[in-house]
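Residue numbers (full-length UniProt numbering): 1 to 153. Yeah, the Cβ is synthetic: ideal placement off N, Cα and C, and Gly gets one too. It should be emphasised that the depicted structure is a prediction, and the values quoted were computed from it without experimental measurement.
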Amino acid sequence: MSASHSVPDSAALPGLSGPLPPFLQTVGMRNLVVADGQASIELDFDAAVHANGIGVAHGGVLCTLLDVVMGYAAYAWPANPGPIVTVNQNVQFINAMRGPVRVRGWVVNGGKSMVFCSAEVLDQADNSIAIGQGAFKKIALNRGGRFEINGVS
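Dropping the structure here:
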């Protein structure tokens, strides 16, 4: 199982080629697909890595999955593509995660500086495990090509 990206040729955005970022690989995410304000990713549940004290996925794992797909969806939103940071995230935990999941996120709306997204975590039977909503702020790259937020890079 490869930790890879799948990005259409029309979405030539920096950072969407090559291997997944190290954090996403460490968590065990794979098969990232990003296109036109939508994103999806998969995770195989590993109790030794992802479980909390009662043997189901830790809530932080679910929050991370939702944040990742919403962030990539916002980053690749055709109306205003580019780098973003999470401003707010709201998550509802619906069922326990004990096996492989797929996560999908999409842009709901946005403007010049903010993008609003929704996402869901689904098990193999398409049962909802968690849903989330997020707000993301567009950020700029400075002259050195580094991310800059409020004048700080």
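If only uninterrupted beta strand (DSSP E) runs of at least 3 residues are considered, those enclosed by the stretch 74–153 are 84–93, 101–110, 114–123 and 128–138. Where Ala48 is concerned, the enclosing alpha helix (DSSP H) starts and stops at Ala47 to His50.
Taking 7 angstroms as the cut-off, the Cβ atoms of Gly55 and Leu43 do not count as close.
Straight-line spacing of the CA atoms in Ile131 and Ser113 works out to 24 angstroms. Annotation: Phe23 to Ala35 spans about 21 angstroms, alpha carbon to alpha carbon. In the same chain as Asn95, and ignoring 5 residues on each side of it, the C-beta atoms closer than 7 angstroms to its own belong to Asn127, Ser128 and Ile129, in chain order. Contact between Met97 and Leu62 is confirmed by a C-beta separation of about 6 angstroms, below the 8 angstroms threshold. Secondary structure note for Val33: its beta strand (DSSP E) is the uninterrupted segment Met29 to Ala35. Annotated as distal: Val87 and Ala119, with beta-carbon spacing of 7 angstroms or more.
In the same chain as Val91, and ignoring 5 residues on each side of it, the C-beta atoms closer than 7 angstroms to its own belong to Leu62, Cys63, Leu66, Ala130 and Gly132, in chain order.
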